[in-house]
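Contents: one structure, followed by commentary.
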Amino acid sequence: MNVKLAAMVLLVALCSACANRTVQEARDPSTDHQQAVSSPASASALDSDQGDLSVRALGTHTDGRLLIKPGTRANVHALGAPSCYGLETDLSWTGDYEAWWEPASGASSGKLFAFPIDFEIIQPSDEPIQLQRLTVGTADLFVFVPRYTDCHARETYLFGVEDGQAFPITFDMKTGLPLSRISQHPLHPLRAERDELVVYGGQGAGQDSIAVYHFRYNAGNHSMVLEREEQQAP
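In this text, residue positions in the sequence shown follow the UniProt record's numbering: the first is 1, and each later residue adds one.
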């Protein structure tokens, strides 16, 4: 009987000590501070999709502005792991993106082009892309590269401005229907050379040469027409 009574007294004492410790930790502000530091909300803010309807690319011209922005929906999140498309801290946007032209004259803005469904843009920061600008023939060109890096080729779109009007530019490879985009080598940016647009094609695994395309601008069709193709070492 005395043994049972002693065991009960010991159990009550232990329970009381645990309760006192719990209350003390709950009242200790240092405990709250340690929990906040170990799991701050800001550290995982972009681990999952968040809505973002911001302008993702911008090109300025004396005749107006070219904007790449979502139509009705877009989300952004951190890549989370390194890949051919970027680092784990880079940002990925997906949505129903469109190209719009805002005339400097004050006339109404107009949609020029709708990108494919769930179009993806990857950049190292949330700053809008400042579009590269070139002049080929009679047109000023804006170059839009949605993914800033890639292991093999970077998807590329062209838009032209001529006589105050803006328009998408296609690529006529003379093998079928014109293309709305072209792939360029990640280490060799396209360039304007006299009246030609020179594009270095992508490079696959084990490929010991790359295609170099020479285009001439056709103002009537708003198209880059392939004039010749050559192979060269990467």
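Note that the Cβ used here is the ideal one computed from N, Cα and C, for glycine as well.
Predicted model, so just to flag it, every value in this text is computed and none were measured.
- Task: Look at the alpha carbon of Thr72 and the alpha carbon of Gly51, and state the distance between them as a whole number of angstroms.
- Result: Taking the first residue of the sequence shown as 1, we reach residue 72 at position 72. Taking the first residue of the sequence shown as 1, we reach residue 51 at position 51. For Thr72 and Gly51, the distance between alpha carbons rounds to 11 Å.
- Query: How would you write the range of the beta strand (DSSP E) that Arg228 sits in, first residue to last?
  - Reply: Taking the sequence shown and counting its residues from 1, one reaches residue 228 at position 228. Segment 223 to 232, the beta strand (DSSP E) holding Arg228.
- Flag this pair as touching only if the segment 111 to 119 and the segment 166 to 174 have three or more C-beta atom pairs under 8 Å; answer yes or no. yes
- What are the partner residues of Pro168, as DSSP defines its beta bridges? Mapped onto the sequence shown, residue 168 falls at position 168. Paired residue(s): Phe159.
- Message: What does the Cβ neighbour count give for Pro29, buried or exposed, with the cut at 16 atoms within 10 Å?
- Response: By one-based count along the sequence shown, residue 29 stands at place 29. Note that Pro29 scores a pLDDT of 38, beneath 50, so its modelled location is shaky; the value from the coordinates is reported in the next line. By the neighbour-count rule (16 or more Cβ atoms within 10 Å), Pro29 is not buried but exposed.
- Between Leu134 and the rest of its own chain, which residues show a CB-CB distance below 6 Å, the 5 nearest in sequence each way excluded? Walking along the sequence shown from the start, residue 134 turns up at place 134. These residues qualify, in order along the chain: Leu141, Ala192.
- Message: Among the candidates Gly86, His61, Leu53, Leu58, whose CA atom is the shortest distance from the CA of Pro70?
- Response: Within the sequence shown, numbered from 1, the residue matching residue 70 stands at position 70. The option with the nearest alpha carbon to Pro70 is Leu53.
- Message: For Ser42 and Glu98, what's the separation of their Cα atoms in angstroms?
- Response: The residue labelled residue 42 in the question sits at position 42 within the sequence shown. The residue labelled residue 98 in the question sits at position 98 within the sequence shown. Summary for Ser42: the model assigns pLDDT 31, below 50, so the residue's position carries little reliability; its value from the coordinates is reported in the next sentence. Going by the C-alpha atoms only, they are around 30 Å apart.
- Task: List the endpoints of the continuous beta strand (DSSP E) containing Ala205.
- Result: In the sequence shown, the residue the question calls residue 205 occupies position 205. It is not in any beta strand (DSSP E) - Ala205 carries neither H nor E in the DSSP assignment.
- Simplified DSSP state of Phe215, which is helix, strand or coil: Translated into positions along the sequence shown, residue 215 becomes position 215. In the structure shown, Phe215 sits in a strand (DSSP, three-state: E or B).
- Item | Gly64 - DSSP class collapsed to helix/strand/coil | Along the sequence shown, one-based indexing puts residue 64 at 64. If DSSP states are grouped into helix, strand and coil, Gly64 belongs with the strands.
- Message: With three or more C-beta pairs closer than 8 Å as the rule, is the segment 114 to 125 touching the segment 82 to 91?
- Response: yes
- So, Phe144 versus Gly59, is the Cβ gap smaller than 9 Å? In the sequence shown, the residue the question calls residue 144 occupies position 144. In the sequence shown, the residue the question calls residue 59 occupies position 59. Contact flag set, yes.
- Task: May I ask you to report which of helix, strand or coil DSSP gives Asp96?
- Result: In the sequence shown, the residue the question calls residue 96 occupies position 96. Here Asp96 sits in strand by DSSP.
- Query: His188 to His222, Cα distance in whole Å?
  - Reply: Translated into positions along the sequence shown, residue 188 becomes position 188. Translated into positions along the sequence shown, residue 222 becomes position 222. Their Cα atoms are separated by approximately 24 Å.
- Item | Neighbourhood of His185 by C-beta distance below 8 Å, restricted to the same chain and skipping five residues each side | The residue labelled residue 185 in the question sits at position 185 within the sequence shown. Taken in chain order, the residues that qualify are Ala153, Arg154, Tyr200, Gly201, Gly202, Gln203, Ile210, Pro234.
- Query: So Ala114 is in the beta strand (DSSP E); what residue range does that whole segment cover?
  - Reply: Within the sequence shown, residue 114 is the residue found at index 114, counting from 1. Its beta strand (DSSP E) spans residues 110 to 114.
- Query: Near Gly64, what residues of its chain come up, given a Cβ to Cβ distance below 8 Å and the 5 sequence neighbours on each side ignored?
  - Reply: Position 64 of the sequence shown, counting from 1, holds the residue named residue 64. Same-chain partners within the cutoff: Trp101, Glu102, Pro103, Ala104, Ser105, Val161, Gly164, Ala166.
- Asp118 versus Asp195, Asp96, Pro146, residue with shortest Cα-Cα distance: Along the sequence shown, one-based indexing puts residue 118 at 118. Looking at the Cα atoms, Asp96 is the closest of the given residues.
- Ile156 versus Ser183 - alpha carbon distance: Position 156 of the sequence shown holds residue 156. Position 183 of the sequence shown holds residue 183. The displayed chain sequence assigns Thr, not Ile, to residue 156. Taking the straight line from one Cα to the other gives about 6 Å.
- Do you know offhand how far Leu79's Cα is from Pro128's? As a first step, residue 79 is located in the sequence shown; it is residue number 79 there, counting from the start. As a first step, residue 128 is located in the sequence shown; it is residue number 128 there, counting from the start. Computed Cα separation, rounded: 18 Å.
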